[in-house]
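Asks:
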Amino acid sequence: MIFQTPIMALLLVSGLAGLVALWSAWFGLRVLRRWNLADGSREQLEMERQTHLISTLFGFVMLAEALALLLFVYNADRMANLFVGAMCAVGTLNVNEYGFPALYLKVATFFAAAVWLIVDRADRAGRDYPLTRVKYAGIILLAPLILAGGAVELTYFAGLETDVITSCCSKLFTPANEGLSSEVTGLPPALALWLLGGSGLAVALSGAASLWWGRGQMLFAVSGVVLFFVALAAIISIISLYVYDHPNHHCPFCLLQPEHGYYGYVLYLPLFFGTALALGAGVLQVFVGRPSLRDILPARIRKLIGLSMVAFGLFGLATIWAIVSSQLIVFG
Amino acid sequence: MTPWLRRQRALADYTLSALGRRKGKNISLVVIYALIVFLVASIMMFSSGMRREADLVLSEAPELIVQQLTLGRHELIAGGEVEKLAAIRGVTAAKGRLWGYYYDRLNGANYTVMVPDDPTIKLEQGQAILGEAIPRSRGLSWEGAPLFLSRFEGDLVKFDVVDTLSHDSALVSADLMLITEQDFRDFFGLAPDVYTDISVSIRNEREIATIIAKAEKVMPKARFVTRADISRTYQKLFDWREGLLVTLAIAAILAFGIFAAEKASGLSAEETREIGILKAIGWDTGDVIAMKLWEGALVSVGAFLTGAVAAYVHVFLGGAGLFAPVLKGWSVLYPDFALTPQIDVLQLTTLFLVTVLPYVAATLVPIWRVATGDPDQVMR
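These protein sequence lines map, in sequence, to chains X and U. At position 90 of the first sequence (counting the first as 1) the number is 873 in the numbering used here, and the numbers step up by one without a gap. At position 71 of the second sequence (counting the first as 1) the number is 75 in the numbering used here, and the numbers step up by one without a gap.
(1) Can you tell me where the alpha helix (DSSP H) with S203/U in it begins and where it stops?
(2) When burial is assigned at 16 or more other CB atoms within 10 Å of the CB, is T184/U buried or exposed?
(3) Who are the neighbours of H1029/X on chain U, taking C-beta pairs under 8 Å?
(4) What number of angstroms, rounded off, separates the C-alpha of A808/X from the C-alpha of V814/X?
(5) At a CB distance below 7 Å, what residues from the stretch 819 to 832 of chain X approach chain U? Give them in sequence order.
(6) Is any beta-carbon of chain U found at less than 9 Å from that of V878/X?
(7) Comparing alpha-carbon positions, which option in P789/X, T834/X, I948/X and W996/X lies nearest V369/U?
(8) What do you reckon, are the CB atoms on A265/U and T200/U nearer than 9 Å?
(9) Considering only C-alpha positions, which residue in the set T344/U, Y37/U and E85/U is nearest to G311/U?
(10) In three-state DSSP terms, what is Y1045/X?
(11) Of all the alpha helix (DSSP H) runs that stay within the bounds of the stretch 237 to 284 of chain U, which reach a length of 4 or more residues?
(12) Please say whether A132/U and L102/U have beta carbons closer to each other than 9 Å?
(13) Going straight from the alpha carbon of S170/U to that of G148/U, what length do you get?
(14) On the premise that R55/U lies in contact with Q239/U, defined as a C-beta separation below 8 Å, what is that separation, rounded to the nearest angstrom?
(15) Using 8 Å for Cβ pairs, my map puts T968/X next to H1043/X. What's the rounded Cβ distance?
(16) For A58/U, go through chain X and note every residue whose CB falls closer than 9 Å to its CB, in chain order.
(17) Specify the secondary structure class of F152/U as computed by DSSP and reduced to three states.
(18) Please report the straight-line C-alpha distance between A58/U and S203/U, rounded to a whole angstrom.
(19) What does the alpha-carbon distance come out to for the pair L321/U and M862/X?
(20) Would DSSP call E79/U helix, strand or coil?
(21) Go to G798/X, then tell me how far its alpha helix (DSSP H) extends in each direction, as first and last residue.
(22) When you compare the CB of L1054/X with every CB in chain U, is at least one pair closer than 9 Å?
(23) Taking only beta-carbon positions, decide if R1083/X is within less than 9 Å of chain U.
(24) Which residues in the same chain as A365/U place their Cβ atom closer than 8 Å to its Cβ, once the five residues preceding and following it in sequence are excluded?
(25) If you run the structure through DSSP and keep just helix, strand and coil, what is D860/X?
(26) Please classify G112/U: is it buried, with 16 or more other beta-carbons within 10 angstroms of its beta-carbon, or exposed?
(27) Do you know how far the Cα of P120/U is from the Cα of R142/U?
(28) Output the distance between the C-alpha atoms of T957/X and I1018/X, rounded to the nearest integer angstrom.
(29) Using only alpha-carbon positions, find the residue among L258/U, V292/U, V161/U and V313/U that is nearest to Y18/U.
(30) Under 9 Å, Cβ to Cβ, is there at least one residue of chain X near R227/U?
(31) Less than 9 Å between the beta carbons of A1061/X and V1013/X, yes or no?
(32) Work out the CA separation of D1028/X and Q1110/X for me, nearest whole Å.
(33) Looking at the C-beta of S1/U, does it have a partner C-beta in chain X at a distance below 9 Å?
(34) Using DSSP bridges, identify the partner residues of F163/U.
(35) Using a Cβ-Cβ cut-off of 9 Å, state whether I125/U counts as contacting chain X.
(36) According to DSSP, which residues form a beta bridge with K99/U?
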């Protein structure tokens, strides 16, 4: 079952990411123990040189991981016709118990990697590399996540058996079952839209405050994360209905199919990017007091917040367009 | 333009002219790189074209096929079973089908002989409609040439060829020969009330599983093959063949990775001097790495585009002459058909990851090693 080119590509990415993560974490341990910019020793000099390599390598691997997340979902959707009972990515991911964990780990890696890359760029802008220790502590935390993601993904793909009867999304996303997905599906549509509007407003207000008065950045990051989860819930509870023009089809994965104009990508890409940038802005805000970053960081954070607001705005537009252009009448 | 963009533009500009200064070396790199992309892309495009073709063909197939089994082998099925199946609720129609294989000793090919299902195909006794590969391989080049078939020494049966099937369905109909039911029974010496298998059409696809469950009670010894089963088997078959070839190609990718790493680390004296000068005039390690990454990106984009476009031409315009025998399967009568061009994001992303990522991985460490050298050391 691993004998599929997209799967091999995904495993290649995971394998490379795992190797780089292991090596970087090993180097990170050295940095945490011995890093001292004031020291002119040969070892320190070599470490400084190696940080360039690690940054570049890690940056590339994380970009590849972001691409791999897209490919993973797209491929799961594509493979659905190989499994009895599967009609979209949900069926493929449900073939064995490692499918969804693999997806969640990939999503978590995406966000962690995005934050790391943002911190890395900020660090390289400061003249004395003020965030080096933070960065490498981050890598040491990230490495297990990347390795676990790769291992779970490998187990998932190795265990894909086409004669297994899997369940379709209409079984998973129905209010009648138990479990988180059903809870979310059962969320009343009006409440979901109010929550979405509320968190969107919170994002807009805190974003505006941080752009105009330079305060409330932390609040923005937090509301961005809240918006992310609320938006996912709202997509399952109500937005998907509008896209499908169907009062009972709640699946957040069928959205990715060509029949629905790949509308899922229009919704998810800005949402994920907006959230990643908001998270990055929040994390940078923590280091705004560092002496060598005092002049650089505020402008960077503003830029991140601005971009993040644009992304969230696009997500909002996509949502509104889904509702306006739909034939389905839920309210009234 | 932001400073960042301006810096990138300047770097790209510099890198392009630097690449131009070492044409020979870089062209050889791009050519080999493009060859690798071409190889993998051809395999992927061809098998995805085949998968699509199979799906197109199968969309016309009956929802369910019922076959009798004896000793675990496919057996003739009695005509009485047709009514039993047709009586199941949800079945639109059940029809006995007649088809078989004929081995032609003249050209060593197997024909699929079949009684047409389609009422619009009008055939009379002694007439036949042929798939496009049969007249081609038998050399029936003139209009109205009859087809003579010999089942055994001294036997000769004549069929008038009234029509040949179009190229559109060549994937399945290349070796097809359609004759009337009476001719079929006479030709193969078949009893009057038996069929090869039964095709069942079902109106609602969601009822297929239930209908099979009911039919299994009526015909416990039969085998039920759904259209989805066949489609899945084809998908898996082509996936598997594609995977096999890509795995073989990985050896080539690996070799290329080593080659690229060699190229990136073994700098010529002139290049080393260039980097030394750049560092001496104030470039820092980050700049040199960025410049080298630009170099890699330009080479990659060039090779990727060249390779992918060449593969497209090879597969969809040139009939994939290089890999077709392996991916199509083997047969004396090859269907002569053109694949419908089809590429999607999944393929391109996969192709990108499979080819560009190994290149990047192989060259990053050498690039860094070059970029971090001390200027005086490099220039010496």
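C-beta: ideal position from N, C-alpha, C; glycine also. Computed from a predicted model, the values in this text were never measured in an experiment.
Replies: From the atom records:
(1) Not the alpha helix (DSSP H): S203/U falls in the beta strand (DSSP E), residues D201 to I206.
(2) buried
(3) In chain order: nothing, as chain U lies at least about 16 Å away.
(4) 10 Å
(5) R832
(6) no
(7) T834/X
(8) no
(9) Y37/U
(10) coil
(11) 273 to 284
(12) no
(13) 17 Å
(14) 6 Å
(15) Wrong, their Cβ atoms sit about 18 Å apart, outside the cutoff.
(16) Under the 9 Å cutoff, chain X gives no residues; its nearest Cβ is about 12 Å from A58/U.
(17) strand
(18) 19 Å
(19) 27 Å
(20) strand
(21) T788 to R817
(22) no
(23) no
(24) G261
(25) helix
(26) exposed
(27) 22 Å
(28) 14 Å
(29) V292/U
(30) no
(31) no
(32) 6 Å
(33) Coverage of chain U is limited to positions 5 through 384, which leaves residue 1/U absent and any answer about it impossible.
(34) L151/U
(35) no
(36) S203/U
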